[in-house]
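Numbering (my numbering), first residue to last: 3 to 189.
Please read the structure below before turning to the comments.
Set out below in C-alpha cells:
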C-alpha cells in the first residue's frame, strides 16, 4: 500500500472548482446542488482503501449532524483496475447504509480530482460559502487517527466545520491527510 500526503493545488481562499458528476443515487451533482449550505466538505475517497473505510463513520456523522454542511464523497479511482471502486459498488454502499454522505459521486474521468489536487484517499477539502461561492477554508485530515487501526483522540474536522458554520477562524493548523494513493488511469 502506498501512502501519500496531499499537495493540493488549491490555497486557502480559492474558489472550489465546479464539477458535474453522477451520484450513487442516480442524480447528477454540481456545486450549485449544494447552494443552500453554508459549508461544503469535498472528500476524495473510495470503497476499498482501509484508510478511507476507517473514515466512513465519521463522514456519516458529519453529514447527519450539521444541517449547514454538505458532505460530498468523490471516488476518482480507476474502477477497471480496482473493481470495488465501481459506481455499482458505490450504489450498494449507499443503499445498505454504509455510506450516508449528502452525495457520493463518481469521478470517472478523474478530472475533478486533478482540478482539486487530490492525491490520496481520503483527501478532505472544507469550503465555506463566501459571496455566493464556496472558498477553501481548510484542507486537512479528518481526525488524528493516521492509521486505520489508530484510536481517534481529536476529531479535527468537526472543530473546523463548527468554526466555519459559526463564522469564526478555524483554531487548528492544517495537517496533511494520509491514505492510499489515488489509483490513476494509465495515460
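Each residue gets a CB set at the ideal place from its N, CA and C atoms; glycine is no exception.
Cβ separation of residue i and residue j, assumed to be a contact under 8 Å, to the nearest whole Å
{"i": "residue 76", "j": "residue 44", "result": "6 Å"}
{"i": "residue 172", "j": "residue 140", "result": "5 Å"}
{"i": "residue 26", "j": "residue 106", "result": "4 Å"}
For residue j and residue i, the rounded distance between their alpha carbons
{"i": "residue 154", "j": "residue 68", "result": "20 Å"}
{"i": "residue 47", "j": "residue 125", "result": "7 Å"}
{"i": "residue 165", "j": "residue 50", "result": "31 Å"}
{"i": "residue 38", "j": "residue 134", "result": "10 Å"}
{"i": "residue 163", "j": "residue 138", "result": "12 Å"}
{"i": "residue 108", "j": "residue 73", "result": "14 Å"}
{"i": "residue 111", "j": "residue 158", "result": "31 Å"}
{"i": "residue 119", "j": "residue 188", "result": "18 Å"}
{"i": "residue 93", "j": "residue 30", "result": "14 Å"}
{"i": "residue 57", "j": "residue 40", "result": "22 Å"}
{"i": "residue 185", "j": "residue 78", "result": "8 Å"}
{"i": "residue 179", "j": "residue 13", "result": "15 Å"}
{"i": "residue 81", "j": "residue 117", "result": "19 Å"}
{"i": "residue 149", "j": "residue 15", "result": "29 Å"}
{"i": "residue 36", "j": "residue 20", "result": "11 Å"}
{"i": "residue 71", "j": "residue 169", "result": "13 Å"}
{"i": "residue 132", "j": "residue 33", "result": "13 Å"}
{"i": "residue 42", "j": "residue 18", "result": "9 Å"}
{"i": "residue 121", "j": "residue 181", "result": "9 Å"}
{"i": "residue 8", "j": "residue 86", "result": "Bear in mind that a pLDDT of 47 at residue 8, under 50, signals an unreliable position, so the number given afterwards is only what the model happens to contain. Residue 8 and residue 86: Cα-Cα distance of roughly 23 Å."}
{"i": "residue 54", "j": "residue 123", "result": "6 Å"}
{"i": "residue 160", "j": "residue 113", "result": "28 Å"}
{"i": "residue 177", "j": "residue 90", "result": "33 Å"}
{"i": "residue 183", "j": "residue 142", "result": "16 Å"}
{"i": "residue 167", "j": "residue 147", "result": "24 Å"}
According to DSSP, residues forming a beta bridge with residue i
{"i": "residue 136", "result": "131"}
{"i": "residue 31", "result": "23"}
{"i": "residue 126", "result": "45"}
{"i": "residue 18", "result": "Beta-bridge pairing links residue 18 to no other residue."}
Below-9 Å beta-carbon distance, residue i vs any chain D residue
{"i": "residue 158", "result": "No chain D is part of this structure, which consists of one protein chain only."}
Under 8 Å, with one C-beta from each stretch per pair, do the stretch 97–117 and the stretch 56–72 reach the 3-pair mark? yes
For a minimum of 4 consecutive residues, which ranges assigned as the alpha helix (DSSP H) are wholly contained in the stretch 87–121? 89–97 and 113–118
Threshold first: 4 residues or longer. Then list the alpha helix (DSSP H) segments lying entirely within the stretch 43–92, N to C. 52–55 and 58–67
Ordered list of alpha helix (DSSP H) runs contained in the stretch 137–184, each at least 4 residues: 158–168
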